[in-house]
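This report refers to the structure that appears directly beneath it.
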Amino acid sequence: MNPDYDAWMEQALAQARAAGEAGDVPVGCVIVREADGQVLAAAHNRRVLDNDPTAHAEMLAIRAAAAKLGDWRLEGCTLVVTLEPCAMCAGAIVLARISRLVYGAADPKAGAVDTLYRLCSDERLNHRVEIVSGVQANECSWLLTEFFRQQRALGKK
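If you read the sequence shown in the numbering used here, its first letter stands for residue 11, the second for the next number, and so on.
Laid out in structure tokens, this is it:
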């Protein structure tokens, strides 16, 4: 199967837009089974809605995909997310044995895949993840920039 990163990122962007509409940072994620292209899980940030600092899109999608498969090992799966994962999410991606990570925008403040750290490719860890970066980066970045511009206009942090 040839991966369709753009189509999968469109689904992640739809999730990100839902997060933004709910007042949360617009980050969306999907997890796809590589063998057949089936989307196993889709999620968006819910930190504000759930009052949960760990309710990042990646964490929610990983939990949902593992529950759907009945296995914590997500080998043979691709995680597609609109923003480079933070340290918590990058660690969870490694622990879940996800095969491939596809992300859109780099995160200069918290990126733990390529920008500040390289957790998903660290040779000291027991699993390494194939990384594809920059997929629809402009659209992913614009969504975040516009969200924070609106937040500042409203006087929010």
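Note that the Cβ used here is the ideal one computed from N, Cα and C, for glycine as well.
Length of the line joining the Cα atoms of residue i and residue j
| i | j | result |
| --- | --- | --- |
| L89 | Q160 | 28 Å |
| P13 | V142 | 11 Å |
| R83 | P63 | 24 Å |
| G165 | D81 | 44 Å |
| A28 | T155 | 16 Å |
Whether residue i touches residue j by CB criterion (8 Å)
| i | j | result |
| --- | --- | --- |
| V37 | H54 | yes |
| V42 | C87 | yes |
| H137 | V112 | no |
| G30 | F157 | yes |
| D60 | E94 | no |
| V5 | D16 | Residue 5 lies beyond the stretch modelled for the chain, which goes from 11 to 167, so this question has no answer here. |
Range of the contiguous alpha helix (DSSP H) that encloses residue i
| i | result |
| --- | --- |
| R168 | Because residue 168 is not part of the residues shown, which for the chain are 11 to 167, the question remains open. |
| S151 | A147 to A163 |
| C99 | A97 to L105 |
CA nearest to the CA of residue i, picked from the options
| i | options | result |
| --- | --- | --- |
| R110 | E140, Y127, D124 and P95 | E140 |
| T92 | Y15, A22 and A17 | A22 |
| L50 | E94, V58, V35 and R73 | R73 |
| A77 | A52, A97 and R56 | A52 |
| A106 | N61, L70 and L59 | L70 |
| L126 | V145, C96 and E133 | C96 |
| A26 | A75, L164 and R56 | R56 |
| W152 | L164, D117, E85 and A65 | D117 |
Residue-level contact to chain D via CB, residue i, 8 Å cutoff
| i | result |
| --- | --- |
| A67 | In summary, chain D is missing from the structure at hand, where a single protein chain is found. |
Integer-rounded CB distance, given that residue j should sit under 8 Å from residue i
| i | j | result |
| --- | --- | --- |
| G6 | A147 | Nothing can be reported for residue 6, as the shown portion of the chain is limited to 11 through 167. |
| E133 | A102 | In fact, because the Cβ distance is near 19 Å, the residues do not count as touching under 8 Å. |
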